[in-house]
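What follows is a short report on a single structure.
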Amino acid sequence: MTTQMNRRVLVCGGAGFLGSNLCERLLGDGHEVLCADNFVTSDPRNIRHLTGHRRFKFIFHDILQPLDAEVDDIYNLACPASPVHYQADPVRTLITSVRGAHNMLRLAQRINARILQASTSEVYGDPAIHPQSEDYWGHVNPIGPRACYDEGKRCAETLFLDYHRQQGLRVMVARIFNTYGPRMQINDGRVVSNFIVQALSNGPITIYGDGSQTRSFCYVDDLIEGLLAFMDAPDEVTGPINLGNPHEVTVAELAKLIIELTGSRSRVVYRSLPHDDPTRRCPDIRLAKRYLHWRPQVSLNEGLKKTIDYFDRVLRDGAHTSAVDVIALRPVVASVSKT
Ligand code: UDP
């Protein structure tokens with residue numbers, strides 16, 4: 014019998030930014046980890062340091078295909094999350110969000126596992142209320158360029174809650190707001206990684222629009238803590254629950270802060286604002302505080318310093334994934350064995 018202290022955990026998208034940080038933390042907490050990934054937007058180097066670990070297994074897998082595994086808990090983090098990446102192949106993004114979620118739900122039901130869905134603040138679209146609380150239904154353009162992700166994630170939420178109501182499955186839906194930190198890809202395209210990489214190389218900092226749009230940035234360690242707290246919450250806590258840092262800044266303020274912290278000689282340049290770019294975004298985290306006893310601990314200054322150190326190291330080491338990394342990870346297992 015697996016105890017609470019020693020669980021078998023499947024992390025779909027486990028080689029990604031959030032996934033690899035989650036795998037590392039789960040191993041540190043004594044759990045067995047099965048990491049599934051297809052490396053579409055992730056990087057084998059994110060998990061290379063884990064591959065020798067006796068409680069870590071990797072499977073090269075795309076969640077568009079059904080998966081068989083014997084685990085206690087499932088985290089479904091498998092989907093491109095940066096606008097640049099999720100818009101590169103919008104059909105695949107939408108199908109991954111929906112069919113991928115369905116495949117993982119079917120697995121969870123078959124093996125009676127708990128399953129957590131990484132949903133997103135994008136379900137609120139360009140929000141008309143502020144800050145965004147979970148009872149707000151959102152303001153999403155269903156036919157715009159962001160819809161493949163927004164609507165895909167909204168549909169996945171529906172599937173999760175329907176599996177809960179119809180099948181009694183133990184589900185959790187976490188609405189994740191902008192998160193940053195070590196293991197974001199250098200070419201991720203999101204604002205924090207773009208600005209840091211630009212600042213460290215003294216290149217132009219690209220502000221889209223006039224920089225007055227806001228976001229609220231959560232450091233990755235805080236976010237992971239929130240996911241773990243959610244997985245361990247009482248059965249009736251299904252969510253959706255917002256996970257994010259309610260400290261709201263404008264994109265222009267973020268640029269200024271990153272220039273200061275890096276001591277960069279970069280200048281700011283302005284580029285056109287992407288279509289349907291949300292004007293304001295800030296989570297209401299009262300539910301997370303009440304049900305998960307969670308709140309972020311890391312300030313933006315502190316988190317950015319750690320992230321800048323990370324990118325500084327990556328830029329010095331060279332940023333390219335080698336074929337050897339991928340090949341080294343190919344010998345895989347089909348499942349975590351039943352104990
Ligand atoms: N952004 C920017 N410059 C960049 C990348 C992004 O000004 O190089 C802006 C983008 O238009 C948005 C905000 O930063 O208003 C956050 O964008 P990101 O892609 O990080 O995530 P989003 O919250 O839009 O999903």
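Numbering of the sequence shown is given in this note's numbering, commencing with residue 14 and proceeding in unit increments.
Just so it is clear, CB atoms sit at the ideal spot from N, CA and C, and this is done for glycine as well.
Can you tell me which of the options puts its alpha carbon nearest to the alpha carbon of residue i?
i, options, result
"Tyr137", "Leu129, Cys168, Ile124", "Cys168"
"Thr219", "Asp139, Glu266, Asp330, Tyr162", "Glu266"
"Asp42", "Tyr221, Val311, Phe69", "Phe69"
"Glu45", "Pro155, Gly29, Val204, Phe71", "Phe71"
"Leu63", "Gln198, Lys166, Leu35", "Leu35"
"Arg21", "Ile124, His177, Ser285", "Ile124"
"Ser312", "Leu270, Lys302, Arg329", "Leu270"
"Leu305", "Ile272, Leu240, Ala268", "Leu240"
"Asp330", "Ile199, Asp248, Asn207", "Ile199"
"Gln211", "Tyr88, Arg308, Leu328, Gly65", "Leu328"
"Ile360", "Glu83, Phe73, Leu90", "For the chain, the structure presents residues 14 to 352; residue 360 sits outside this window and is missing."
"Thr292", "Ala121, Phe208, His177, Ala141", "Ala141"
"Asp324", "Glu249, Pro247, Gly194", "Checking the displayed sequence, the identity of residue 324 turns out to be Phe instead of Asp. Among Glu249, Pro247, Gly194, the Cα nearest to that of Phe324 belongs to Gly194."
Where do the ends of the beta strand (DSSP E) carrying residue i lie?
i, result
"Val184", "184-189"
"Asp86", "86-89"
"Ala49", "45-50"
"Ala353", "There is no way to answer for residue 353, as the model of the chain reaches only from 14 to 352."
"Val282", "281-284"
"Arg294", "First-last for Arg294: undefined, no H or E at that position."
"Leu240", "No beta strand (DSSP E) contains Leu240, which is instead part of the alpha helix (DSSP H) from 233-244."
Once the 5 residues before and after residue i are set aside, which same chain residues still bring their CB inside 8 Å of it?
i, result
"Glu147", "Arg188, Gly252, Pro253, Ile254, Asn255, Asp297, Leu300"
"Gly157", "His288, Asp289"
From which residue to which residue does the alpha helix (DSSP H) around residue i run?
i, result
"Val97", "96-99"
"Leu23", "Run containing Leu23: none in the alpha helix (DSSP H); it sits in the beta strand (DSSP E), 21-25."
"Lys319", "313-330"
"Asp175", "160-180"
"Thr275", "264-275"
"Ile209", "204-213"
"Phe69", "Taken as a continuous stretch (DSSP letters only), Phe69 belongs to no alpha helix (DSSP H), being part of the beta strand (DSSP E) at 69-73."
"Arg303", "Counting along the chain, Arg303 falls outside any alpha helix (DSSP H), and DSSP gives it neither H nor E."
"Leu35", "30-41"
Note down, in chain order, each residue of its chain lying with its Cβ closer than 7 Å to the Cβ of residue i, except the 5 sequence neighbours on either side.
i, result
"Pro93", "Val53, Thr54, Tyr99, Thr106"
"Met244", "Asp86, Arg127, Leu129, Met185"
"Asp75", "Asn51"
"Ala28", "Cys48, Asp50, Phe52, Ser55, Asp56, Pro57, Asn59, Ile60"
Regarding residue i and ligand 1, is the C-beta to nearest heavy atom distance less than 7 Å?
i, result
"Val204", "yes"
"Thr320", "no"
"Ser146", "no"
"Tyr221", "yes"
"Val264", "yes"
"Asp290", "yes"
"Arg294", "yes"
"Pro140", "no"
"Ser9", "The requested residue 9 is not part of the displayed model; the chain covers only 14 to 352."
"Asn200", "no"
"Asn116", "no"
"Arg167", "no"
"Ser110", "no"
"Gln122", "no"
"Gln393", "Any question about residue 393 goes unanswered here, given that the chain covers just 14 to 352."
"Asn191", "yes"
"Arg228", "yes"
"Pro96", "yes"
Note down, in chain order, each residue of its chain lying with its Cβ closer than 6 Å to the Cβ of residue i, except the 5 sequence neighbours on either side.
i, result
"Asp290", "none"
"Leu286", "Tyr221, Gly222"
"Glu37", "none"
"Leu342", "With a pLDDT of only 43 at Leu342, under the threshold of 50, the placement of this residue in the model should not be trusted, and no figure is reported."
"Leu31", "Leu90"
"Leu120", "Leu80"
"Gly202", "Ser95, Val97"
Discussion item. Could you check whether the region 107-117 touches the region 256-270, counting it as contact only if at least three pairs of C-beta atoms, one from each stretch, sit closer than 8 Å?
Written reply: The way I'd put it, the region 107-117 doesn't touch the region 256-270; fewer than three beta-carbon pairs between them come closer than 8 Å.
Discussion item. Check whether the region 122-138 and the region 182-200 touch, using three or more Cβ-Cβ pairs below 8 Å as the test.
Written reply: With a cut-off of 8 Å, the region 182-200 and the region 122-138 count as touching, because enough Cβ pairs lie within range.
Worksheet item: Should the region 205-220 be called in touch with the region 267-287, which here means at least 3 C-beta pairs below 8 Å?
Response: Yes, the region 205-220 touches the region 267-287.
Practice prompt. Determine contact between the region 300-319 and the region 231-244, defined as no fewer than three beta-carbon pairs at a distance below 8 Å.
Written response: Contact between the region 300-319 and the region 231-244 is present, because at least three Cβ pairs lie under 8 Å.
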